[in-house]
Each structure stands twice: as C-alpha cells, then as structure tokens.
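**Student:** As you go down the protein sequences, you meet chains A and B in turn. Taking my numbering, the leading residue of the first sequence gets 24, the next gets one more, and so forth. Taking my numbering, the leading residue of the second sequence gets 24, the next gets one more, and so forth. C-beta: ideal position from N, C-alpha, C; glycine also.
Number of protein chains: 2
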Amino acid sequence: MTQPTTRDRMISTAMRLFRREGYTATSWRRLVEEAGTPWGSAYHHFPGGKEELGVAAIALGTELVTGTIRRAFERHSDPADAIRWWFGKAAAALEREDFRGGCPVATVALEMAHGSDALTTACQEAFEAWRVVLTGFLRERGFEAARANRLAMSVMNNLEGGLLACRVRRGTTPLERAAEDVAVLLGA
Amino acid sequence: MTQPTTRDRMISTAMRLFRREGYTATSWRRLVEEAGTPWGSAYHHFPGGKEELGVAAIALGTELVTGTIRRAFERHSDPADAIRWWFGKAAAALEREDFRGGCPVATVALEMAHGSDALTTACQEAFEAWRVVLTGFLRERGFEAARANRLAMSVMNNLEGGLLACRVRRGTTPLERAAEDVAVLLGA
DNA sequence: GCTTCGCCAGGACGGTCGTCATAGTCAAGC
DNA sequence: GCTTGACTATGACGACCGTCCTGGCGAAGC
C-alpha cells in the first residue's frame with residue numbers, strides 16, 4: 024500500500040475538478056489547495072503547464088471508465104444486465120457527489136472543441152477507447168461485428184445523454200431510462 | 024424587417040459563444056468584439072452582469088430549440104420522421120460550424136452544475152421546456168401519457184449524447200445512430 | 001431652444017489567472 | 001561530511017477578468 028505521489032494526487036484532483044467545474048474554471052491555485060499538494064512543484068511535475076495536466080487527467084478518467092466497463096461485463100453475462108449495472112453505478116456516483124460530477128471527459132470536451140489540440144485529441148481517444156472496449160465485449164457476447172459497433176455507439180450516446188440530463192435535473196431517472204432503452208436496443 | 028437591437032445582438036452572440044467555448048471562457052470583451060456591440064453599454068442592458076446575460080442567452084437557446092421541435096412535428100406526421108428531420112438539422116448545423124457548436128445549454132449546464140443558481144435554474148427550465156413540448160406532440164400522435172413522457176426523455180438523452188459524441192468525433196454518425204435508435208424505441 | 005434620458009465611449013479598479021524564476025530543503029550516494 | 005539532484009516554497013510578472021464610473025451624444029418631449 025504505497026501512498027500516492029504528489030503528481031498522482033494532482034492528476035486525480037484535476038480529474039475531479041475538471042468534471043465538476045470544467046477546465047477553464049479550474050485554476051492551479053484552487054487545485055493545489057484542494058489536493059493538498061505543493062503549489063511550487065506544479066511546473067516541476069507538469070512542464071507542459073495546465074494543458075499537460077489536463078491531458079493526464081483525461082487519460083486517468085479514460086482508464087477508470089474502461090475499468091468500470093470491464094467489471095460490468097465480467098460480472099454479468101447478459102449484456103443488458105452489464106449496462107444496467109454500469110449505468111446504475113454511474114448514477115449512484117453522480118448522486119453521491121450531489122449531481123456535480125458526471126463524465127470526466129464531457130465537460131472538457133465541450134469547452135475545448137476549439138482551443139487546445141492536445142486536449143481535443145485526448146477526449147477523442149477517451150471516447151474511442153470506451154467504444155472499442157464495449158464493442159469487444161458485445162462481440163464476445165455473440166453480436167456480429169457491424170451490429171456490435173452500432174450498439175456500442177448507442178450505449179455511449181445513452182450514457183452521455185443520460186449523465187447530462189441527470190446532472191441538470193438533479194435526479195437519476197434519465198440514466199435509468201437510458202439503461203432500459205439500451206436493453207430494448209440490445210434485444211431488438 | 025427591423026434590425027436587431029444592441030441587446031439582442033449581445034444575447035445571440037452570447038448564446039453562440041457559450042455553446043462553442045463555454046460560459047467561463049467567454050469574456051465580455053471578446054463578446055462585444057464579436058457582436059460588434061458597444062462595450063460601454065454592457066452593464067446598461069444587463070445590470071445583473073454576466074450572469075443575467077447568461078440566463079438570457081439560455082432562454083434564447085431554449086426558444087430556438089422549441090421552435091425546431093415544433094417545425095419537425097408540423098412537417099412530419101410520423102414521429103420517427105420528425106425526430107430524423109430534427110436530429111438531421113442538428114447534425115447539419117453542427118457540421119456547418121465545424122463541430123464547434125452543439126447544444127446551447129449543455130456546455131453551460133456542465134460548467135455551472137455548481138456555481139450559479141440562476142444559470143442552473145435556466146438550464147433546468149430549458150430541458151423541461153423541451154421535454155414538455157415533445158411529450159405534447161407524442162401524445163398528439165397517439166402515445167399514451169406515461170409512454171409519451173418516457174419517450175420524450177429517451178429522445179432528449181439520445182439528442183444530447185449524440186451531439187456530444189459528434190462534437191468529439193467531428194462527424195455526424197452518432198446523431199444518425201441516435202435518430203435510428205429513437206425510431207426503434209418509438210416502434211417498440 | 002432647452003431639457004431629459006436612453007444609450008455609447010473609454011478606461012480605472014481590484015482581483016485572479018497561467019507562467020516562471022529564484023532560493024531553500026532534504027534524503028541518497030560516495 | 002560533502003555533494004548532488006529531485007523536490008518544495010514563495011512570490012514576481014504581465015495579461016486578462018468582471019465590474020463600475022464618469023463624461024458625452026443625440027433624439028424625443030415640452
């Protein structure tokens with residue numbers, strides 16, 4: 024049980040703050056305060072500045088979500104159950120942080136559609152990674168390749184749309200609806 | 024054909040910039056420059072400051088989308104066709120601005136989940152208004168009340184998720200997928 | 001003609017931003 | 001014990017932020 028390094032704490036705090044308040048609104052000063060990390064070593068660990076921190080934070084978020092997808096499909100043989108479990112986890116996490124959290128990539132992606140190439144690319148890679156992992160599990164469960172690809176995209180649409188709606192509405196209903204809709208699509 | 028007032032130009036420019044780059048990243052100075060409106064009269068027209076401008080911009084976005092939904096259902100008797108037309112319009116608009124646009128509310132909603140009560144409320148009202156209008160049209164087309172409510176939520180989930188995915192991916196595929204998925208759900 | 005008032009021009013104000021430089025600390029290697 | 005180099009502390013720097021103020025303009029009302 025090694026304890027997290029300064030760099031790791033900065034990245035995980037950045038991920039949390041970025042998804043909660045966005046990239047632009049999160050300042051280095053507020054970040055180091057929240058992370059309890061030394062302000063002076065920010066540019067030691069991230070010579071590329073805030074942008075490099077942002078890319079690292081998005082990469083961390085990518086991994087975490089990928090892990091959740093894996094767990095969902097390892098625990099449930101029925102794809103619809105896997106999705107329900109996954110979306111339910113996401114809804115619970117969202118509720119736990121009082122509907123201020125959500126997708127670790129969406130907020131940055133919307134802010135930075137124009138502005139930073141590195142961040143835009145990182146967001147693209149995140150979505151792509153999730154789609155690929157999902158497609159793999161769906162094929163493994165017997166779906167034909169083209170269908171698995173289409174379904175993976177449907178799942179992502181429903182997840183992101185559901186997360187956004189839940190956040191605005193301050194309730195978990197949209198994500199539950201999204202999970203049930205995906206279940207219908209999987210069976211259709 | 025009266026030409027738009029200074030106030031109106033500020034609001035419509037704000038809507039465009041907010042959805043493109045977010046609320047925090049859009050400054051008054053950049054806004055008046057882009058709108059070609061006088062910088063000195065910003066606080067004359069919006070005594071409540073940037074927040075009041077933000078609320079007005081979201082309200083404008085709410086109306087515009089509501090109008091699009093109405094047009095979609097006036098032109099198409101089949102709900103699935105109405106959705107296809109609507110989502111297609113959204114995808115075309117997104118592509119036209121080089122995938123930097125999207126939903127006029129989503130970006131602000133994600134940034135401001137915490138921070139400004141007025142903006143949060145405005146975003147909630149936007150989503151609620153769209154949902155109500157949609158539910159009305161679906162009922163008009165023969166869907167029973169509870170089912171119409173659920174379907175309206177599904178439509179919003181798919182639209183928002185699709186818009187986000189299209190923006191990240193720089194392509195219109197996810198929105199086309201979303202429209203087809205909604206068509207399946209309408210028929211299921 | 002004069003006044004009133006909605007609107008515009010331009011800039012001051014205090015604050016915070018990202019960035020970076022400089023000085024200091026401290027444990028590991030010899 | 002000394003050196004070295006990775007890490008931390010502190011704050012300066014210029015730029016930009018939202019806000020607000022004062023001064024001026026021009027048309028409508030009397």
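Assign threonine 144 of chain B to one of two classes, buried (16 or more other C-beta atoms within 10 Å of its C-beta) or exposed (fewer than that).
**Tutor:** Position 121 of the second sequence, counted from the first residue, corresponds to residue 144 of chain B. Exposed is the call here.
**Student:** For the candidate residues A/Glu56, A/Leu40, A/Thr60, A/Ser50, whose alpha-carbon lies nearest to that of aspartate 17 of chain A?
**Tutor:** Within the shown structure, residues of chain A are numbered from 24 to 211, placing residue 17 of chain A beyond reach of any answer.
**Student:** In three-state terms, what does DSSP make of arginine 160 of chain B?
**Tutor:** Position 137 of the second sequence holds residue 160 of chain B. At residue 160 of chain B the sequence reads phenylalanine, which differs from the arginine that was named. Under the three-state reduction of DSSP, phenylalanine 160 of chain B is assigned to helix.
**Student:** Mind pulling the chain A residues with CB within less than 8 Å of phenylalanine 110 of chain B?
**Tutor:** Here residue 110 of chain B refers to the residue found at position 87 when the second sequence is read from its first residue. For the C-beta of phenylalanine 110 of chain B, not a single chain A residue is nearer than 8 Å; the gap to the nearest is close to 11 Å.
**Student:** How big is the Cα-Cα spacing for glutamate 56 of chain A and alanine 65 of chain A?
**Tutor:** The sequence position of residue 56 of chain A within the first sequence is 33, counting from 1. The sequence position of residue 65 of chain A within the first sequence is 42, counting from 1. Across the structure, glutamate 56 of chain A and alanine 65 of chain A are spaced so that their CA atoms are roughly 12 Å apart.
**Student:** On a CA-only basis, which of B/Thr195, B/Val205, B/Asn181, B/Ala211 is nearest proline 197 of chain A? Give me that one, please.
**Tutor:** Locating residue 197 of chain A in the first sequence gives position 174, where the first residue counts as 1. Residue B/Asn181 is the option with its Cα nearest to proline 197 of chain A.
**Student:** Taking C-beta to C-beta, are alanine 37 of chain A and glycine 63 of chain A nearer than 8 Å?
**Tutor:** Position 14 of the first sequence, counting from 1, holds the residue named residue 37 of chain A. Position 40 of the first sequence, counting from 1, holds the residue named residue 63 of chain A. No, Cβ-Cβ distance for alanine 37 of chain A and glycine 63 of chain A is not below 8 Å.
**Student:** Looking only at its own chain, which residues have a Cβ that is under 7 Å from the Cβ of glutamate 118 of chain B, when we skip the five neighbours before and after it?
**Tutor:** Working through the second sequence from its first residue, we reach residue 118 of chain B at position 95. Thr195.
**Student:** Could you tell me if leucine 209 of chain A is buried or exposed, where buried requires 16 or more neighbouring beta carbons within 10 angstroms of its beta carbon?
**Tutor:** One-based indexing of the first sequence puts residue 209 of chain A at position 186. When all chains shown are included, leucine 209 of chain A counts as buried.
**Student:** Quick one: residues in its chain with C-beta nearer than 8 Å to the C-beta of valine 207 of chain B, no 5 flanking neighbours on either side, listed in chain order?
**Tutor:** Reading the second sequence from its first residue, position 184 is the one you call residue 207 of chain B. Only residues of its own chain outside the window of five on either side were considered, and among them none has a CB closer than 8 Å to the CB of valine 207 of chain B.
**Student:** Leaving out five residues on either side along the sequence, give the residues of the same chain with a beta carbon under 8 Å from the beta carbon of methionine 24 of chain A.
**Tutor:** Looking up residue 24 of chain A in the first sequence gives position 1. Because methionine 24 of chain A sits at a pLDDT of 44, beneath the cut-off of 50, its placement in the model cannot be relied upon, and the following sentence gives the value as read from the coordinates. Same-chain partners within the cutoff: there are none.
**Student:** Going along the chain, which residues of its own chain have a beta-carbon closer than 8 Å to the beta-carbon of arginine 200 of chain A, five neighbours each way excluded?
**Tutor:** Residue 200 of chain A sits at position 177 when you count from the first residue of the first sequence. Closer than 8 Å at Cβ, skipping near neighbours: Gly185.
**Student:** So is serine 139 of chain A in contact with chain B if we call contact Cβ pairs under 8 Å?
**Tutor:** Position 116 of the first sequence, counted from the first residue, corresponds to residue 139 of chain A. So no, serine 139 of chain A is outside the interface.
**Student:** Quick check on aspartate 204 of chain A: does DSSP put it in helix, strand or coil?
**Tutor:** If you number the first sequence from 1, residue 204 of chain A lands on position 181. Three-state result, aspartate 204 of chain A: helix.
**Student:** I'd like to know if the stretch 163-177 of chain A and the stretch 155-173 of chain B are in contact, where contact means that at least 3 CB-CB pairs between them fall below 8 Å.
**Tutor:** no
**Student:** Using a beta-carbon distance cut-off of less than 7 Å, what residues from the stretch 27-61 of chain A approach chain B?
**Tutor:** The residues in question are Arg43, Glu44, Gly45, Thr47, Ala48.
**Student:** Could you give the DSSP three-state label for proline 27 of chain A: helix, strand or coil?
**Tutor:** Position 4 of the first sequence, counted from the start, is the residue given in the question as residue 27 of chain A. Coil at proline 27 of chain A, not helix or strand.
**Student:** Secondary structure at histidine 137 of chain B, three-state DSSP: helix, strand or coil?
**Tutor:** Taking the first residue of the second sequence as position 1, residue 137 of chain B is located at position 114. Correct three-state label for histidine 137 of chain B: coil.
**Student:** How many whole angstroms separate the CB atoms of alanine 141 of chain A and glutamate 74 of chain A, which I take to be in contact at a CB cut-off of 8 Å?
**Tutor:** Stepping through the first sequence from its first residue, residue 141 of chain A is reached at position 118. Stepping through the first sequence from its first residue, residue 74 of chain A is reached at position 51. Right, the Cβ-Cβ distance comes to about 5 Å (below 8 Å), so this counts as a contact.
**Student:** Can you check which of these residues, A/Ala115, A/Ala82, A/Ala79, A/Trp108, is closest to arginine 93 of chain A by C-alpha distance?
**Tutor:** As a position in the first sequence, residue 93 of chain A is number 70, starting the count at 1. It is A/Trp108 whose Cα lies nearest to the Cα of arginine 93 of chain A.
**Student:** Helix, strand or coil for phenylalanine 122 of chain A per DSSP?
**Tutor:** Here the question's residue 122 of chain A lines up with position 99 in the first sequence. If DSSP states are grouped into helix, strand and coil, phenylalanine 122 of chain A belongs with coil.
**Student:** In chain order, what residues of the same chain have a beta carbon less than 6 Å from the beta carbon of arginine 193 of chain A, not counting five sequence neighbours either side?
**Tutor:** Within the first sequence, the letter at position 170 stands for residue 193 of chain A. Phe122, listed in sequence order.
**Student:** The alpha helix (DSSP H) with valine 78 of chain B in it runs from where to where?
**Tutor:** Locating residue 78 of chain B in the second sequence gives position 55, counting from the first residue. Here the alpha helix (DSSP H) through valine 78 of chain B covers 73-98.
**Student:** Within 8 Å, do at least three Cβ pairs link the stretch 85-92 of chain A to the stretch 100-115 of chain B?
**Tutor:** Taking 8 Å as the limit for Cβ pairs, the verdict is that the stretch 85-92 of chain A does not touch the stretch 100-115 of chain B.
**Student:** Taking Cβ positions, are glutamate 183 of chain B and cysteine 146 of chain B nearer each other than 8 Å?
**Tutor:** Numbered from its first residue, the second sequence carries residue 183 of chain B at position 160. Numbered from its first residue, the second sequence carries residue 146 of chain B at position 123. The answer is no: Cβ separation not under 8 Å.
**Student:** So alanine 132 of chain B packs on valine 191 of chain A, CB below 8 Å; how close in whole Å?
**Tutor:** For the purposes of this step, residue 132 of chain B is taken as residue 109 along the second sequence, with counting starting at 1. For the purposes of this step, residue 191 of chain A is taken as residue 168 along the first sequence, with counting starting at 1. About 5 Å separates the two Cβ atoms, so the contact holds.
**Student:** Rounded to the nearest angstrom, what separates cysteine 203 of chain A and valine 178 of chain B at their Cα positions?
**Tutor:** Reading the first sequence from its first residue, position 180 is the one you call residue 203 of chain A. Reading the second sequence from its first residue, position 155 is the one you call residue 178 of chain B. What sits at residue 203 of chain A in the sequence shown is glutamate, not cysteine. Cα to Cα, glutamate 203 of chain A sits roughly 13 Å from valine 178 of chain B.
**Student:** Note down the Cα distance separating methionine 33 of chain A from valine 156 of chain B, rounded to an integer number of angstroms.
**Tutor:** Here residue 33 of chain A refers to the residue found at position 10 of the first sequence. Here residue 156 of chain B refers to the residue found at position 133 of the second sequence. Taking the straight line joining both Cα atoms gives about 44 Å.
**Student:** Would alanine 211 of chain A count as contacting chain B if we go by Cβ distances under 8 Å?
**Tutor:** On the first sequence, residue 211 of chain A is found 188 positions in, with the first residue counted as 1. Closer than 8 Å: yes.
**Student:** For proline 27 of chain A and arginine 39 of chain A, I'd like the C-alpha separation in whole angstroms.
**Tutor:** Taking the first sequence and counting its residues from 1, one reaches residue 27 of chain A at position 4. Taking the first sequence and counting its residues from 1, one reaches residue 39 of chain A at position 16. Whole-angstrom Cα-Cα distance: 16 Å.
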